[in-house]
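Rendered as structure tokens:
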């Protein structure tokens, strides 16, 4: 019994000691913490809550701009994928090659290697450099530019833009005109015909991007060449009223026919481009057409005037009205034709009528025959003169044969 009482007393003393120690710890913690009613067991959790609430309160005050406070992921991404400015600073194919002498032949060879098998696309700046490197009077350079236009469009999916089309037309014209001190009409006409044929060929892509100012430049060169030929005494009229007055040879006649053909073709092409032909196409053809189209403007008054002057010089007033003015006037978007252009055609028609009246007058040989033999009719007198001319030609041919023998 005594032993049990002693053990209970010892347990009570231990409980008393633990209670004294816990009370001492609680008083010290209450003095250090802002809240005294919290026990020491819950004190660490409350300390964590107070620190998190303080950081949450200051979260908006520590925000910095996005450019200054970028994450590591964005920095790595920007270093792996260069910006557009860095891509533009990369050297092009011609800049990498850096040839000592740059001509269209050198440039097209470099770009052919660069874009072989469609491995890399050709830059527009490289094509402009190719066109600007053409030399004056070197027709080979003009042919290289025309070849580059066809080849890049066909093999490299090259889409010609406005600056490239303007550079191509100017470069081909510069290289096609001979580098002489004095250039007369024929080389100028041939150069203009060559450049106009490239514009008419849709495989070059000039149809989709050529400016009206460039077309006016080509037509002005053609008109200047024809006027220079007329000043030198050449009859540039193909349908001349008197066939005996046509003195041009076969090559010159073909040159004039080509000039008339390209002039009418340019006008019809520009009228077609302005008339929105894609509205009559099917879906796939329309998508392909609009993907290449850069400009859809049509001929202006200056273009119509130059084309009319060329048509009047070569084909006459009837050709100018039918093939130049009629397509322009029949378009739904065109207004009235300028009065100055219509006046040019009217003056040409009046001139042609006076020429026909002069040609209808009888020649002096016929007048003498009618005076001698007044009983003869006009038709009989004409037949007699023709028979006399034939007999004279036979006598002349017999004399030549006799002399040869």
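Numbering (the numbering used here), first residue to last: 2 to 406. Where a beta carbon is used, it is the ideal one built from N, C-alpha and C, also for glycine.
Problem - Closest by C-alpha distance to residue 314, when choosing among 302, 106, 223 - result: Position 313 of the chain shown, counting from 1, holds the residue named residue 314. Nearest option by C-alpha distance: 223.
Check: residue 163 C-beta below 7 Å from any heavy atom of the ligand ZN: No copy of the ligand ZN appears in this structure; indeed no ligand is present at all.
Q. With DSSP run on the structure shown, which of helix, strand or coil describes residue 52?
A. As a first step, residue 52 must be located in the chain shown, where it is residue number 51. Unreliable placement is indicated for residue 52, whose pLDDT of 45 sits below 50; the coordinate value is still reported in the next sentence. Here residue 52 sits in helix by DSSP.
Exposed or buried, what is residue 264 when buried is set at 16 or more other beta-carbons lying within 10 Å of its beta-carbon?
Counting from 1 along the chain shown, the entry for residue 264 is found at position 263. So residue 264 ends up on the buried side.
Simplified DSSP assignment, three categories, for residue 11: Here residue 11 refers to the residue found at position 10 when the chain shown is read from its first residue. Looking at residue 11 - three-state DSSP - the assignment turns out to be helix.
* Give the secondary structure of residue 195 by DSSP, where H, G and I count as helix, E and B as strand, and everything else as coil. => Here residue 195 refers to the residue found at position 194 of the chain shown. Residue state, collapsed to three classes: helix.
- Nearest-angstrom Cα separation, counted from residue 349 out to residue 290: Along the chain shown, read from residue 1 onward, the residue named residue 290 stands at position 289. Along the chain shown, read from residue 1 onward, the residue named residue 349 stands at position 348. Residue 290 and residue 349: Cα-Cα distance of roughly 40 Å.
task: Indicate whether residue 166 and residue 193 have their beta-carbon atoms separated by less than 8 Å.
output: Mapped onto the chain shown, residue 166 falls at position 165. Mapped onto the chain shown, residue 193 falls at position 192. Not in contact: residue 166 and residue 193 (Cβ atoms no closer than 8 Å).
- [ ] State yes or no: is the C-beta of residue 120 within less than 8 Å of the C-beta of residue 146?
- [x] By 1-based counting over the chain shown, the position of residue 120 is 119. By 1-based counting over the chain shown, the position of residue 146 is 145. No, Cβ-Cβ distance for residue 120 and residue 146 is not below 8 Å.
### Message
Could you tell me which whole alpha helix (DSSP H) segments of length 4 or greater appear in the stretch 198 to 282?
### Response
207 to 210, 213 to 232, 251 to 275
- How far does the alpha helix (DSSP H) with residue 106 in it reach, from first residue to last? Looking up residue 106 in the chain shown gives position 105. 105 to 115 is the extent of the alpha helix (DSSP H) around residue 106.
Provide the residue span of the alpha helix (DSSP H) that contains residue 285, from first to last. The sequence position of residue 285 within the chain shown is 284, counting from 1. Residue 285 -> alpha helix (DSSP H) spans 284 to 293.
Residue 159, DSSP secondary structure in three states:
Residue numbering aside, residue 159 sits at position 158 when the chain shown is read from its first letter. Three-state result, residue 159: coil.
Close beta carbons around residue 106, own chain, < 7 Å, minus the five adjacent residues each side: Position 105 of the chain shown, counted from the first residue, corresponds to residue 106. These residues qualify, in order along the chain: 145.
**OP:** Return no unless some Cβ of chain B is closer than 8 Å to the Cβ of residue 103.
**Re:** You won't find chain B in this structure, because it holds only one protein chain.
| said: Only counting the same chain, and skipping five residues up and downstream in sequence, which positions put a Cβ closer than 6 Å to that of residue 416? | reply: Because the chain here runs from 2 to 406, residue 416 falls outside it and cannot be looked at.
- CB residue 321 to CB residue 309, shorter than 8 Å? As a first step, residue 321 is located in the chain shown; it is residue number 320 there, counting from the start. As a first step, residue 309 is located in the chain shown; it is residue number 308 there, counting from the start. Their beta carbons are under 8 Å apart, which means residue 321 touches residue 309 by this criterion.
| field | DSSP-derived helix/strand/coil call for residue 324 | value | In the chain shown, residue 324 corresponds to position 323, counting from 1. Helix, per DSSP.
Apply the 10 Å Cβ neighbour rule to residue 114 and answer buried if 16 or more other Cβ atoms are within range, or exposed otherwise. Here the question's residue 114 lines up with position 113 in the chain shown. Residue 114 should be labelled exposed.
- request: Report all residues from its chain with a CB closer than 8 Å to the CB of residue 288; omit the five preceding and five following residues, and keep chain order.
  value: For this step, residue 288 is matched to residue 287 along the chain shown. Taken in chain order, the list of residues that qualify is empty.
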